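*Asks:*
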Amino acid sequence: MNSEEKRELAETVVDMTVMNRFRIFSSNSDGYDAKMSEIARFRMREEQTALYAKHYQSKQLTALLDFYSSEMGKSILTSQERVADEMASGVKLVST
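The opening position of the sequence shown corresponds to residue 1 in full-length UniProt numbering, with each subsequent residue numbered one higher.
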């Protein structure tokens, strides 16, 4: 597997896991805040993808994708999404 294929695997894992939970910056913002949120999400995705590609072997990335594509993996992602939503709500309450 070449480095571009590995990077694509890493990006898919990041999209399924990290970016799925990255909700604090994706509140219902508009204007400048929305643009900054978009930039922050893009940068975070790029940085996380590079880190996953650096620290995980291709086989490990494939195993993660297989797991998160399974029923149990999907269930865990759904639970993580609910946790992230509640955390984001708590952050909004504290910051207002």
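We put the CB at the ideal spot given by N, CA and C, even for glycine. Computed from a predicted structure; not experimentally measured.
Could you tell me whether the stretch 79–90 touches the stretch 43–53, using the rule of 3 or more Cβ pairs below 8 Å?
*Replies:* Result no; under three Cβ-Cβ pairs closer than 8 Å.
*Asks:* Measure the beta-carbon distance from Ala10 to Thr49 and round it to whole angstroms, keeping in mind my assumption that it falls under 8 Å.
*Replies:* That pair is a contact at about 5 Å.
*Asks:* Do the CB positions of Ser58 and Met1 come within less than 8 Å of each other?
*Replies:* Yes, these two residues count as a Cβ contact at 8 Å.
*Asks:* Grab the span of the alpha helix (DSSP H) containing Tyr56 for me, first residue to last.
*Replies:* Counting along the chain, Tyr56 falls outside any alpha helix (DSSP H), and DSSP gives it neither H nor E.
*Asks:* Could you have a look at Thr49 and say whether DSSP puts it in helix, strand or coil?
*Replies:* The answer is helix: DSSP assigns Thr49 an H, G or I state.
*Asks:* Look at the Cβ atom of Leu77, then the Cβ atom of Met16, and state whether they are nearer than 8 Å.
*Replies:* The answer is yes: Cβ separation under 8 Å.
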